[in-house]
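Peer 1: Read top to bottom, the protein sequences are chains B and S.
Numbering of the first sequence is given in my numbering, commencing with residue 7 and proceeding in unit increments.
Numbering of the second sequence is given in my numbering, commencing with residue 608 and proceeding in unit increments.
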Amino acid sequence: MKSFIAKVVTEPLQGLFQKAAEYLPTVLTGLVVFLLGLLLAWVVKLFVVRIIRLLKLEGAFLRSGVTDALQKMAVKDTPAKLIGRMFYWLVVVIFFILSLSVMKIPVIDELLGRFLLYLPNIFVALVIMAIGVFLGNFLGRAALIASVNAGIRLSGLLSKGARTVILLFAAVMALEQLGIARSTVVATFTIVFGGIVLALALAFGLGGRGLAAEFLEKRFKKEGTGPGEDKEDELQHL
Amino acid sequence: MADHHITLSGEVRARIAELGSVDILVGIPSFNSARTIGHVVRAVEAGLSKYFPGSRSLLVNSDGGSTDGTMDVVRQSGADFDSILLSPQDGRFHKLVTPYSGIPGKGSAFRAVFEIARELGVKACAVVDSDLRSITPEWMELLVKPALEEGYDYVSPYYLRHKYDGTITNSIVYPLTRALYGKRIRQPIGGDFGFSGRLASFYLGKDVWETDVARFGIDIWMTTTAVANGFKVCQAFLGAKIHDAKDPGADLSAMLHQVVSSVVGLMEEYPGVWRDVAGSEPVPTYGFAYSVGLEPIHVNLDKMLEKYRMGVTDLAVLYQSFLPPDLLAFLKSLADEPRDRFVFPDKEWVRTIFRFALACRRKVMSREHIIKSLTPLYLGKVASFVIETWDSTAEDVEQRLEELCLAFEREKPYLVERWERKARASVKPRRST
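Here it is in structure tokens:
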């Protein structure tokens, strides 16, 4: 009976304890590395936020509409804090993988290698999105002002359309960079964008024939404008 | 002071070497002005011959690449001395026709004129627009003589214009520059100026030739630079200003942007000059004042009001980032008023302009976007002004503009205390007189 207990319970437990004892220092090292990573991530976050404030980039974010865009997306953080937070999680993830690597598990080593190779794609995708948000807001605003000054009634729609197209374009480029459903995304974008352009062409072509004719008539037959018609100003503004 | 040369062509340099030195230089910037420039050239030649017979003078046509033969017209045009009972100057009047280099615009054309003036060591200069129909030989005397003989450095034009002509000047540029710098220069962006050779060299030393100054902004820049740097300034009464429409299709918001952007840029350059100025003083005015009949101007009020209403509604999302809530609420309430009750009060207009200047200063968004978004509000103010003064005489309108100017002067502390909050303690307004 004794030998049975020793074989079934004691020996496996001894083996387990022995393996645990052998492995424990590695786990502890991994844990220390991860805790150090947490500390470093916190320092990096503070440093990044401080640098952004020192360079007065918050004003640039405000002007470029990034702050506004974040608020619209219900993001409560300022862009500086958001970037700080991104760096924080980047360092945490890197140190998490490093801590697993210290434990010398082959699968983790492979994962780490792949992640490090993939990291530049994430960075480029983020840059593309940031440029997209900036350009989208800038050109959307420019379209709004220009269309209002030209007396176009659907100026809000035009502005939002311009902004959305640019953001969509940036999102597609970012997804393509990340390699996510590459062919599907590109095909979808092409179909949607082409569809919009075709729809607009048909709408203007069929619905705006009268308007186009009126415009051309006014443009080339100014002499015939009668006294009761919509005459242009003769104001010299300067 | 930094000196910024442009490269005059070898041909021009050879001509300069041939001329040696001249006393008076008159510059005419041009671009496709073949229809009108001949009259301007004849008036300039006749004026110089009549009023400065003993002086060596040079007419410089600084052209922006005309394709309608403008430069040929300048070369071929000459005063008909028999009809004006004068004798031509004996070898004292010269012409130089040259295309300018740099950003296309009046400023770049003037830069070439300044450069030639400096190379020739001229005593007095004048510049006149190429599309003028009302220029007479007397303009030369009035623009050049104060600089040549009376010790003035800058001669600003004083025209008679239709009551609804020059609306950017009347509603923004004149009252604002008058309130800022304390000088009552009625046409700060008039386009035709006289100045000393000393001031031409000073202008040339400024690094502005790649900015909006090189385009429409040159006029206000010349006036403000002269005033802010303490040059002696006067006005010359030139009578009526009748000229071809600049470009009927020109974008109003682009014009507004270039002019107002230049004004704000100058405010940023000279805060120490304008911050402490309170009130304003008249500047000496030369010339025999008289009144003239002016052609009526058609104004499409409904269109202006429609653009104002559309702008206030659609651009509110931008305005709320730099206009205070009470002002924005007022602008919105005004949009609901019918035409006969549409009144844009001076105080609200002045504060609107100041808020736009402050928004540019604080860079709340691109300067171009800020200023171009002013267009509907400007049209609202012009519409209000037209409604209010529909039956008024030119004198009454001038009086009404005086009230607007005084409103700008009264409200100036509102701008000063917000311009540079840190400098608030040092702001002690004083009278300019």
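Where a beta carbon is used, it is the ideal one built from N, C-alpha and C, also for glycine.
Small disclaimer: the values here were computed from a predicted structure and weren't measured.
I believe S/LEU666 touches S/ILE635 by the beta-carbon criterion, under 8 Å. Please report the beta-carbon distance rounded to the nearest angstrom.
Peer 2: 7 Å
Peer 1: Using 7 Å as the limit for Cβ to Cβ distance, is B/GLY252 near chain S?
Peer 2: Because chain B is modelled from 7 through 244, residue 252 of chain B falls outside the range shown and cannot be assessed.
Peer 1: With a 10 Å radius around its C-beta and 16 neighbouring C-beta atoms as the bar for buried, classify S/ARG946 as buried or exposed.
Peer 2: S/ARG946 counts as exposed, since fewer than 16 other C-beta atoms from the protein chains shown sit within 10 angstroms of its C-beta.
Peer 1: Would you mind working out which of S/ALA847, S/VAL762, S/PHE659 and S/TYR897 sits nearest S/ALA807, comparing C-alpha positions?
Peer 2: Per the Cα distances, S/VAL762.
Peer 1: Tell me where the alpha helix (DSSP H) around S/HIS976 begins and ends.
Peer 2: Unbroken alpha helix (DSSP H) run through S/HIS976: 974-979.
Peer 1: Which residue comes first and which comes last in the alpha helix (DSSP H) that contains S/HIS701?
Peer 2: No alpha helix (DSSP H) holds S/HIS701; the beta strand (DSSP E) holding it covers 700-706.
Peer 1: Can you name the residues that DSSP bridges to S/GLN842?
Peer 2: S/SER763 and S/THR892
Peer 1: Count the other C-beta atoms from every protein chain shown that fall within 10 angstroms of the C-beta of S/TRP587, then say buried if there are 16 or more, exposed otherwise.
Peer 2: Since the first and last residues shown for chain S are 608 and 1040, residue 587 of chain S lies out of range.
Peer 1: Of the choices S/ASP670, S/GLU1016 and S/ALA724, whose alpha-carbon is the least far from that of S/VAL884?
Peer 2: Comparing Cα-Cα distances from S/VAL884 to each of S/ASP670, S/GLU1016 and S/ALA724, the minimum goes to S/GLU1016.
Peer 1: Would you please verify whether the beta carbon of S/GLY812 is less than 7 Å from any beta carbon of chain B?
Peer 2: Residue contact check for S/GLY812 against chain B: no CB pair falls below 7 Å.
Peer 1: Below 8 Å between beta carbons is the criterion; list the residues of the stretch 701-730 of chain S that meet it against any residue of chain B, in chain order.
Peer 2: none
Peer 1: Given that S/ASP921 touches chain B, what residues does it touch there, using C-beta distances under 7 Å?
Peer 2: What S/ASP921 touches in chain B, judged by beta-carbon distance under 7 Å, is LEU150, VAL154, SER161 and GLY162, going in chain order.
Peer 1: Against chain B, does S/HIS976 count as a neighbour if the rule is that its beta carbon must be under 7 Å from one of theirs?
Peer 2: Judged by the 7 Å Cβ criterion, S/HIS976 is in contact with chain B.
Peer 1: Drop a sphere of 10 angstroms on the beta-carbon of B/SER4, count the other beta-carbons inside from all chains shown, and report buried for 16 or more, exposed for fewer.
Peer 2: The structure shown has nothing for residue 4 of chain B, since chain B only spans 7 to 244.
Peer 1: Please classify B/ALA209: is it buried, with 16 or more other beta-carbons within 10 angstroms of its beta-carbon, or exposed?
Peer 2: exposed
Peer 1: Out of B/TYR94, B/VAL14 and B/ARG147, state which residue places its alpha-carbon closest to the alpha-carbon of B/VAL50.
Peer 2: B/TYR94
Peer 1: In three-state terms, what does DSSP make of B/ILE128?
Peer 2: Reduced to three states, the DSSP call for B/ILE128 is helix.
Peer 1: When you compare only the Cα positions, how much space is there between S/GLU1024 and S/LEU965?
Peer 2: 11 Å
Peer 1: Check S/VAL681 in the structure and name its three-state DSSP category.
Peer 2: helix
Peer 1: Taking the alpha carbon of S/VAL619 as the reference point, which residue from S/PHE638, S/VAL751, S/SER708 and S/ARG649 has its own alpha carbon closest?
Peer 2: For S/VAL619, the closest C-alpha among the options S/PHE638, S/VAL751, S/SER708 and S/ARG649 is that of S/SER708.
Peer 1: Out of curiosity, what's the CA-to-CA distance linking B/ILE89 and S/GLY801?
Peer 2: One C-alpha to the other measures close to 56 Å.
Peer 1: Classify S/PHE951 as helix, strand or coil using the three-state DSSP reduction.
Peer 2: coil
Peer 1: Along the chain, where does the alpha helix (DSSP H) that runs through S/ASP921 open and close?
Peer 2: 908-921
Peer 1: Taking all protein chains shown into account, do 16 or more other C-beta atoms lie within 10 angstroms of the C-beta of S/SER887, making it buried, or fewer, making it exposed?
Peer 2: buried
Peer 1: For S/VAL633, report the span of its beta strand (DSSP E) as first-last.
Peer 2: 631-637
Peer 1: Since S/VAL667 is in the beta strand (DSSP E), which residue starts that stretch and which ends it?
Peer 2: 664-670
Peer 1: Strictly below 9 Å CB to CB, what residues from chain S border B/PHE67?
Peer 2: Identification of chain S residues near B/PHE67 by a Cβ-Cβ cut-off of 9 Å yields none; the smallest Cβ-Cβ distance measures about 12 Å.
Peer 1: Is S/VAL834 a contact residue of the ligand MN, with contact defined as CB to any heavy atom under 6 Å?
Peer 2: The ligand MN is absent from the structure shown, which contains no ligands of any kind.
Peer 1: Taking S/LYS939 as the query, report the chain B residues whose CB atoms sit under 7 Å from its CB, ordered along the chain.
Peer 2: Near S/LYS939 there are no residues of chain B at all, since even the closest Cβ is about 15 Å away, more than 7 Å.
Peer 1: Do we get a CB-CB distance below 7 Å when we pair S/THR982 with the residues of chain B?
Peer 2: yes
Peer 1: At a Cβ cut of 8 Å, what residues of the stretch 903-918 of chain S count as close to chain C, listed as they run along the chain?
Peer 2: The structure shown has no chain C; the protein chains it does contain are B and S.
Peer 1: Check the C-beta distance from S/ASP799 over to S/VAL735 and give it rounded, since I have them as a contact under 8 Å.
Peer 2: 5 Å
Peer 1: So what's S/ARG791 in DSSP terms, helix, strand or just coil?
Peer 2: strand
Peer 1: Apart from the five residues on each side of it in sequence, which residues of its chain come closer than 8 Å, Cβ to Cβ, to S/LYS839?
Peer 2: GLY758, TYR759, ASP760 and TYR761
Peer 1: Residues of the stretch 136-147 of chain B with a CB closer than 8 Å to any CB of chain S: list them in chain order, please.
Peer 2: PHE144 and ARG147
Peer 1: Check for me: the alpha helix (DSSP H) holding S/VAL871 runs from which residue to which?
Peer 2: 859-876
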